[in-house]
Amino acid sequence: PYQVDTDTGLIRGVQAGYNICNSTTENQDSLCQTSFINGVDDFCLWAAIKPNSTVGDVEGEMVAWCTKPGRGTRLIPESVVGFIDQTLINLNGEDYGGEMDPHGADLRGNPMGGIIFSQSFDGEWVQVREWHNFMGSNAFCLKACDPSKPNDARYCEHRLDRIGCAYNAPNNAQNGTFESCEGDNQDFPGVYTLNGQALTYAQPPEALGPITTMPYTARVPASSNCVQYTSSAIYTGLPRVVGAESTGSGATTTQPSGSTSRSAAGATNTSGGERTVTVGAMILFGMMGSVISFLLA
3 PYQVDTDTGL
13 IRGVQAGYNI
23 CNSTTENQDS
33 LCQTSFINGV
43 DDFCLWAAIK
53 PNSTVGDVEG
63 EMVAWCTKPG
73 RGTRLIPESV
83 VGFIDQTLIN
93 LNGEDYGGEM
103 DPHGADLRGN
113 PMGGIIFSQS
123 FDGEWVQVRE
133 WHNFMGSNAF
143 CLKACDPSKP
153 NDARYCEHRL
163 DRIGCAYNAP
173 NNAQNGTFES
183 CEGDNQDFPG
193 VYTLNGQALT
203 YAQPPEALGP
213 ITTMPYTARV
223 PASSNCVQYT
233 SSAIYTGLPR
243 VVGAESTGSG
253 ATTTQPSGST
263 SRSAAGATNT
273 SGGERTVTVG
283 AMILFGMMGS
293 VISFLLA
């Protein structure tokens, strides 16, 4: 449909964009809210419509920013892949960020009307019912869980929005590494083992202040068969950033410790899962790394 979310008269208003996207909607002002995730060279992130936005303020109205032309969306400018300069996709540079997922407190999702499709599970286009995308602290992680599997909702947990990528999608991605790896499934987010006992972490309410300590360190799943890529060879359709320098280092990353908006996405480790695609860029701001993952179990 033109818009997935047709609700009116509710507290959060109406869907900000549209879901029928094609060549007529593909530009840097696109309001397309249909997203895609296929691999290291073909994925989209949720980001803001207007510059200098914070995730907590606009998560319900975000639009798709993609790495590949032909989707009818905005295109991520060169250098905004992996550990990112988030100002180039209209996010405030100081924002700790937060989580986008298909649920939200009112079950309308964040963004409202935002949907994701993938060909990565069996080669056919399917709508991914469970996913999450953490954006902020100049880093991101994006996870799509196989809708045909029974544990997709548990792997793509949506209730731990304040503890970021390191706990929702743990990995060994490093700034300066650009590679795709196969890997084991992670533990269910929030589930950990202590003294031989399986425990479940309960996220405290935001009213209690920033989360400064955690009772566990998330287990990073084993990975293998890593293949390195050259970003300039696979991101050939991205717009250049006018006036950007050709040298420099990747954006600074931080461990999640609460949020100035809704939650913290920033983390040195940014994802993990059955098929883990670690992505980065060395086009304008130096080598960067982060993760897209597909959980198949």
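First residue of the sequence shown? That's 3 in my numbering, and the numbers climb one at a time after it.
A virtual CB, placed ideally from N, CA and C, is assigned to each residue, including glycine.
In this text, all values refer to a predicted model and were calculated from it rather than measured experimentally.
For Val229, the three-state secondary structure derived from DSSP is strand.
Asp163: not part of any beta strand (DSSP E); DSSP gives it neither H nor E. Comparing C-alpha distances from Val229 to each of Gln205, Gly239, Glu184, Pro207 shows the shortest one belongs to Glu184.
Annotated as distal: Gly99 and Ser55, with beta-carbon spacing of 8 Å or more.
Taking a 10 Å sphere around the C-beta of Gly11, we find fewer than 16 other C-beta atoms and assign the residue as exposed. Your pair Ser182 and Ala146 does not check out as a contact, with CB atoms roughly 15 Å apart and the cut at 8 Å. Nearest C-alpha to Val60 among Asn112, Gln30, Ala66, Glu28: Asn112.
As DSSP reads the structure, Ser120 sits in a beta bridge with Val128. Here DSSP, grouped into helix, strand and coil, assigns Gln199 to strand. Bounds of the beta strand (DSSP E) holding Gly100 are 100 to 102. The alpha-carbon of Met216 is positioned some 12 Å away from that of Val193. The segment 91 to 109 and the segment 18 to 27 do not touch, with fewer than 3 CB-CB distances between them shorter than 8 Å. Taking Tyr231 as the centre and dropping the five residues before and after it, the same chain places the C-beta of Val42, Phe180, Glu181, Ser182 closer than 7 Å to its C-beta, in chain order.
If you draw a 10 Å sphere on the C-beta of Ser122, you find 16 or more other C-beta atoms in it, and that means buried. Taken in chain order, the unbroken stretches of beta strand (DSSP E) that lie wholly in the segment 13 to 63 and span 3 residues or more are 36 to 41, 44 to 49. CA-CA distance, Val6 to Asn21, rounds to 7 Å. For Ala200, same chain residues with a beta-carbon under 8 Å away, outside a window of 5 residues either side, are Val193, Tyr194 in chain order. In the structure shown, Glu208 falls within a helical segment according to DSSP collapsed to helix, strand and coil. CA-CA distance, Gln17 to Asp124, rounds to 31 Å. About 7 Å separates the beta carbons of Val65 and Ser32, which is inside the 8 Å limit, making them a contact pair. Burial state of Asn197 is exposed, judged by a 10 Å Cβ sphere holding fewer than 16 other Cβ atoms. For Glu181, the uninterrupted beta strand (DSSP E) run begins and ends at 181 to 185, by DSSP.
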